[in-house]
Amino acid sequence: MENLRGILLMVASMAGFALADMFIKGVTTSVPVGLVLLVLGVGGTLGFSALALVSGERPIGRDLFSPLIMLRNLGEMLGTFGFVTAIALTPLASASAIIQAMPLAITLGAALFMAEPVGWRRWSAIVVGFAGVLMVIRPGLDGFEPASLFAVLAVVGLSMRDLATRAAPGGISPLRLSVYGFLTLVPSSLVLLAFDPVTQAPSPGQWGALLAALALDGAGYYALTLAMRMGDVSVITPFRYARILFAIAIGMAVFAERPDVWTIAGSVVIIASGLYTFARERMRRAAAKTL
Numbered sequence: 001m002e003n004l005r006g007i008l009l010m011v012a013s014m015a016g017f018a019l020a021d022m023f024i025k026g027v028t029t030s031v032p033v034g035l036v037l038l039v040l041g042v043g044g045t046l047g048f049s050a051l052a053l054v055s056g057e058r059p060i061g062r063d064l065f066s067p068l069i070m071l072r073n074l075g076e077m078l079g080t081f082g083f084v085t086a087i088a089l090t091p092l093a094s095a096s097a098i099i100q101a102m103p104l105a106i107t108l109g110a111a112l113f114m115a116e117p118v119g120w121r122r123w124s125a126i127v128v129g130f131a132g133v134l135m136v137i138r139p140g141l142d143g144f145e146p147a148s149l150f151a152v153l154a155v156v157g158l159s160m161r162d163l164a165t166r167a168a169p170g171g172i173s174p175l176r177l178s179v180y181g182f183l184t185l186v187p188s189s190l191v192l193l194a195f196d197p198v199t200q201a202p203s204p205g206q207w208g209a210l211l212a213a214l215a216l217d218g219a220g221y222y223a224l225t226l227a228m229r230m231g232d233v234s235v236i237t238p239f240r241y242a243r244i245l246f247a248i249a250i251g252m253a254v255f256a257e258r259p260d261v262w263t264i265a266g267s268v269v270i271i272a273s274g275l276y277t278f279a280r281e282r283m284r285r286a287a288a289k290t291l
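Positions 1 to 291 (the numbering used here) are the ones given, in order, by the sequence shown.
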């Protein structure tokens, strides 16, 4: 029963993120990306700071300036900027498919920088998964969309964030880390607005879309946190790929997008490689417990 609840929460979380992406994509046709990041940064900082205070925690501490936390925050900044920009400039299905290569990138980073043992099977899955990313991007071919590289930047940045989080001292609470991540978006958004300023005040409808994206992102994050604390993580985590299905459905229904064969095939390859990596990790941990 715990696994079922965790799966439902994971799917609900991915639905929330996909709907937030929908609002962001819709509003960025006339609102600068910098303003979107500013709303997400300020709203997320205030929201998670309030949760930290209610929980009896200090939202900000001296650890904000520790090297690993600063590296984590840099990854958060690059990743969020890259993904929001990719959503604005490319089809939802493409951006969502590429971002699902994150687990493979994290496994790669853990092997290269944290000396985590990775066997030839998982190395093969990483190579195949990144081949799936190339199928979606198609560099050098007629279907190549340079803006898709922003989604690749998001994979690099968010993987850096998660690896730095893993290496950071265990005494820093998830709530404080969330405050730091959203707080980092504020100065970066102001830099972007200096180069691409707001030339016209957003309409009430656009403000509503921005606030809806903020609320859905927060709800998705909360559901994700709950899901990862229930049941077997190796059973629940693969359902994160539901985000691609939601993205394709929303892209077709709302933005009249039609994913081509290469995008669909690349998405299947990325998902299959990720699922195989999850399965091998589960087997490795099970074997370690028997020793």
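Backbone N, C-alpha and C define an ideal beta-carbon position, used for all residues, glycine too.
Cutting at 6 Å between CB atoms, please list the residues of its own chain near Ser189, excluding the five before and the five after it. Gly34, Leu37, Leu38, Gly41
Please list the segments of the beta strand (DSSP E) lying wholly inside the region 223 to 267, counting only runs of 3 or more residues, in order along the chain. none
Assign Gln200 to one of three DSSP states: helix, strand, or coil. coil
CB-CB length for Leu175 against Ala93, believed under 8 Å: Not a contact, Cβ separation roughly 33 Å.
For Met77, the nearest candidate out of Val179, Gly26, Leu104, Glu2 (CA to CA): Val179
Taking C-beta to C-beta, are Ile87 and Ala95 nearer than 8 Å? yes
On a CA-only basis, which of Phe150, Phe130, Ala115, Asp217 is nearest Ile271? Give me that one, please. Phe130
Nearest-angstrom Cα separation, counted from Val136 out to Phe182: 29 Å
Tell me whether Ala168 sits in a helix, a strand or coil according to DSSP, three-state version. coil
How many whole angstroms separate the CB atoms of Thr107 and Arg121, which I take to be in contact at a CB cut-off of 8 Å? Thr107 to Arg121, Cβ: 11 Å. No contact.
Rounded to whole angstroms, what's the CA-CA distance from Met22 to Pro117? Just pull it up for me. 38 Å
Candidates Leu104, Ala154, Val31: closest to Gly82 by CA position: Ala154
Within the same chain, show all residues whose beta-carbon is closer than 7 Å to that of Val128, passing over the 5 residues directly before and after it, in chain order. Val269, Ser273
So, at 8 Å on beta carbons, what are the nonlocal neighbours of Arg258 in its own chain, with the 5 sequence-adjacent residues on each side left out? Met252
Unbroken alpha helix (DSSP H) run spanning Gly6, endpoints: 2 to 27
First and last residue of the alpha helix (DSSP H) that includes Pro67? 67 to 89
CA-CA distance, Gly26 and Gln200? 16 Å
For Phe150, which residues from the same chain have a beta carbon less than 6 Å from its beta carbon, with the 5 sequence-adjacent residues on both sides left out? Gly82, Thr85, Ala86
Find the nearest neighbour of Leu4 within the set Phe239, Leu46, Gly170, Arg166, judged by alpha-carbon distance. Phe239
Output the boundary residues of the alpha helix (DSSP H) element that contains Ile126. 120 to 137
Is it true that the region 44 to 63 meets the region 235 to 249, where meeting means three or more beta-carbon pairs spaced less than 8 Å apart? no
Reduced DSSP category for Pro32 - H, G, I as helix; E, B as strand; rest coil: coil
Got a sec? Which residues, its chain only, sit under 6 Å from Gly132 by beta carbon, not counting five neighbours each side? Gly266, Val269, Ile270
Among Arg285, Met283, Thr28, which one has its Cα closest to the Cα of Ala89? First, the amino acid is wrong: residue 89 is Leu here, not Ala. Ranking Arg285, Met283, Thr28 by Cα distance to Leu89 puts Thr28 first.
Would you report the Cα separation of Ala194 and Thr80, rounded to the nearest angstrom? 18 Å
Which one of Pro67, Val54, Gly44, Glu281 has the shortest CA to CA distance from Ala168? Pro67
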